[in-house]
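In UniProt numbering, the protein residues as written are 1 to 396.
Idealized CB from N, CA, C, for every residue including glycine.
Quick look at the structure:
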């Protein structure tokens, strides 16, 4: 996660503090078992432990609770705030490791707190590299928590200086080298020029990027895979060399592992008025530019050339869409929408939009929701005009 970070170091860049925390397991037990107020607990702990230790323990305790959504053993792991935020969740990391782990050994550059190294180490030996000694130490302890420390060698150093030899790589460049998150790959560390050279490595590898970053057209000859988890686009992966497949673009939805491939430039879709069902493509499909490919494979049609929402006469069973049964098509008129909901039995409404700017909280505040039905209000562009579509979510 950190090739050569100049971010605000924070308490967990202090190796000696980390080691003191590691030697105070009773402090974490107190935090786990506490039933009192946070202020009362802090007062008690500060009477028994140094203030900097208590402050760091409280932060780590909070990060471990947040980490539960990403890691099965989060309560035993070591994080700093940025490390947790930028770390790969276990499900996504295992997906990547499926390709990387075919090699005998993999080099994990900018390893951060070690999330990807852990997944790869279940299948192959790993050399994990990070500029920050504290990051390497936390990653090492995380490997111990998973019983994988004998399969990972940690090295403090610059990603640019790592000796890859004939080993494939994984790299997660620092997206916050100046302390503020950037979506421009040119601002990452290591930056675009190094990453483009890395993509030519004979043994291949994968570059992890934000799905919102400006990766388009920057890695010719590579495969770009967009990965979503539970309906949220998580990563853009640039697969290089022998690790790429024959496709240039791929969308993968997790946890199912279903994948869609194709050429965004050659696919052609139809445009249609709203039919019986409305479909919302998975964000990985949208970000990969594969909406028209999805239309070709499912027979669905676009509502508008500039709109990702799709429509069809039957509820197509596809892992790449959420399906909604259409109840009413309204104009994008606040009074008309309010009147419809006033006459309805709706008691709960989910509000969705893509191309039409809408603030869901403001819309919901003006709707009469006194009934029992759970409905969905979708703002969509249909044949060049903005509409509000009332739907019922279809479940598998």
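Measuring only the C-alpha atoms, how far is residue i from residue j?
{"i": "residue 405", "j": "residue 253", "result": "The shown model of the chain, from 1 to 396, leaves out residue 405, and the question about it has no answer."}
{"i": "residue 314", "j": "residue 192", "result": "45 angstroms"}
{"i": "residue 394", "j": "residue 376", "result": "11 angstroms"}
{"i": "residue 218", "j": "residue 270", "result": "30 angstroms"}
{"i": "residue 387", "j": "residue 272", "result": "14 angstroms"}
{"i": "residue 241", "j": "residue 205", "result": "7 angstroms"}
{"i": "residue 75", "j": "residue 316", "result": "41 angstroms"}
{"i": "residue 385", "j": "residue 367", "result": "22 angstroms"}
{"i": "residue 346", "j": "residue 360", "result": "16 angstroms"}
{"i": "residue 3", "j": "residue 362", "result": "With a pLDDT of 45 at residue 3, under the threshold of 50, the modelled position of that residue is not reliable, and no figure is offered here."}
{"i": "residue 246", "j": "residue 338", "result": "51 angstroms"}
{"i": "residue 25", "j": "residue 31", "result": "10 angstroms"}
{"i": "residue 198", "j": "residue 212", "result": "21 angstroms"}
{"i": "residue 187", "j": "residue 82", "result": "17 angstroms"}
{"i": "residue 1", "j": "residue 283", "result": "Confidence is the limiting factor: at residue 1 the pLDDT is only 46, short of 50, which leaves the residue's position unreliable, though a coordinate-based value still follows. The alpha-carbon atoms of residue 1 and residue 283 are separated by roughly 24 angstroms."}
{"i": "residue 145", "j": "residue 139", "result": "10 angstroms"}
{"i": "residue 105", "j": "residue 121", "result": "9 angstroms"}
{"i": "residue 18", "j": "residue 201", "result": "36 angstroms"}
{"i": "residue 294", "j": "residue 222", "result": "21 angstroms"}
{"i": "residue 163", "j": "residue 126", "result": "13 angstroms"}
{"i": "residue 289", "j": "residue 22", "result": "46 angstroms"}
{"i": "residue 322", "j": "residue 287", "result": "16 angstroms"}
{"i": "residue 263", "j": "residue 97", "result": "25 angstroms"}
{"i": "residue 141", "j": "residue 150", "result": "12 angstroms"}
{"i": "residue 364", "j": "residue 46", "result": "46 angstroms"}
{"i": "residue 68", "j": "residue 115", "result": "13 angstroms"}
{"i": "residue 44", "j": "residue 234", "result": "40 angstroms"}
{"i": "residue 70", "j": "residue 354", "result": "27 angstroms"}
{"i": "residue 277", "j": "residue 304", "result": "15 angstroms"}
If residue i and residue j are in contact, beta carbons under 8 angstroms, what's the gap, nearest whole angstrom?
{"i": "residue 380", "j": "residue 309", "result": "5 angstroms"}
{"i": "residue 107", "j": "residue 154", "result": "No, residue 107 and residue 154 are not in contact; Cβ-Cβ is about 12 angstroms, not under 8 angstroms."}
{"i": "residue 131", "j": "residue 158", "result": "6 angstroms"}
{"i": "residue 87", "j": "residue 229", "result": "With a Cβ gap of about 13 angstroms, residue 87 and residue 229 do not count as contacting."}
{"i": "residue 128", "j": "residue 113", "result": "So it is not a contact: roughly 10 angstroms between Cβ atoms."}
{"i": "residue 408", "j": "residue 320", "result": "Residue 408 cannot be examined here, being either before or after the span of the chain that is shown, 1 to 396."}
{"i": "residue 185", "j": "residue 161", "result": "Rounded, the Cβ-Cβ distance is 20 angstroms, inconsistent with contact."}
{"i": "residue 382", "j": "residue 274", "result": "6 angstroms"}
{"i": "residue 398", "j": "residue 267", "result": "This structure gives no information on residue 398, because the portion of the chain shown stretches from 1 to 396."}
Near residue i, which residues of its chain fall below 8 angstroms by C-beta distance, leaving aside the five closest residues on each side in sequence?
{"i": "residue 358", "result": "351, 379"}
{"i": "residue 340", "result": "328, 330, 390"}
{"i": "residue 103", "result": "124, 167, 168, 203"}
{"i": "residue 291", "result": "269, 281, 285, 302, 308, 310"}
{"i": "residue 14", "result": "134"}
{"i": "residue 53", "result": "17, 20, 21, 24, 27"}
{"i": "residue 95", "result": "227, 252, 254, 257"}
{"i": "residue 41", "result": "30, 31, 34"}
{"i": "residue 55", "result": "11"}
At what residues does the beta strand (DSSP E) containing residue i begin and finish?
{"i": "residue 136", "result": "Residue 136 -> not in any beta strand (DSSP E); alpha helix (DSSP H) instead, spanning 133 to 145."}
{"i": "residue 376", "result": "373 to 382"}
{"i": "residue 236", "result": "232 to 240"}
{"i": "residue 32", "result": "Here residue 32 belongs to no beta strand (DSSP E); instead the alpha helix (DSSP H) covers 25 to 33."}
{"i": "residue 120", "result": "No beta strand (DSSP E) contains residue 120, which is instead part of the alpha helix (DSSP H) from 115 to 121."}
With the cut-off set at 8 angstroms, would you say residue i and residue j are in Cβ contact?
{"i": "residue 171", "j": "residue 100", "result": "no"}
{"i": "residue 207", "j": "residue 227", "result": "no"}
{"i": "residue 11", "j": "residue 58", "result": "no"}
{"i": "residue 210", "j": "residue 183", "result": "yes"}
{"i": "residue 119", "j": "residue 93", "result": "yes"}
{"i": "residue 250", "j": "residue 225", "result": "yes"}
{"i": "residue 325", "j": "residue 392", "result": "yes"}
{"i": "residue 300", "j": "residue 279", "result": "yes"}
{"i": "residue 312", "j": "residue 344", "result": "no"}
Whose C-beta lies closer than 6 angstroms to the C-beta of residue i among residues of the same chain, with five residues either side of it excluded?
{"i": "residue 7", "result": "Below a pLDDT of 50, predicted positions are generally treated as unreliable, and residue 7, at 47, falls in that range; the measurement from the model is reported next regardless. Only 176, 179 meet the Cβ criterion."}
{"i": "residue 374", "result": "348"}
{"i": "residue 195", "result": "207"}
{"i": "residue 61", "result": "31"}
{"i": "residue 63", "result": "79, 84"}
{"i": "residue 29", "result": "none"}
{"i": "residue 236", "result": "209, 211, 215, 226"}
{"i": "residue 342", "result": "368"}
I need the boundaries of the alpha helix (DSSP H) containing residue i, first residue and last residue.
{"i": "residue 223", "result": "It is not in any alpha helix (DSSP H) - residue 223 instead sits in the beta strand (DSSP E) that spans 223 to 229."}
{"i": "residue 170", "result": "Residue 170 -> not in any alpha helix (DSSP H); beta strand (DSSP E) instead, spanning 169 to 171."}
{"i": "residue 108", "result": "That residue, residue 108, is in no alpha helix (DSSP H); its beta strand (DSSP E) goes 105 to 109."}
{"i": "residue 219", "result": "Per DSSP, residue 219 belongs to no alpha helix (DSSP H) and is neither H nor E."}
{"i": "residue 364", "result": "360 to 365"}
{"i": "residue 99", "result": "90 to 100"}
Keeping to the same chain, check which residues put their C-beta closer than 7 angstroms to that of residue i; ignore five residues upstream and five downstream.
{"i": "residue 181", "result": "175"}
{"i": "residue 72", "result": "90"}
{"i": "residue 298", "result": "316, 318"}
{"i": "residue 77", "result": "64, 67, 71, 142, 145"}
Below 7 angstroms, is the gap between the Cβ of residue i and the nearest heavy atom of the ligand SAM?
{"i": "residue 196", "result": "The model depicted lacks the ligand SAM and carries no ligand whatsoever."}
Could you tell me whether any Cβ in chain C is nearer than 8 angstroms to the Cβ of residue i?
{"i": "residue 276", "result": "Absent here is chain C; the protein component of the structure consists of one chain."}
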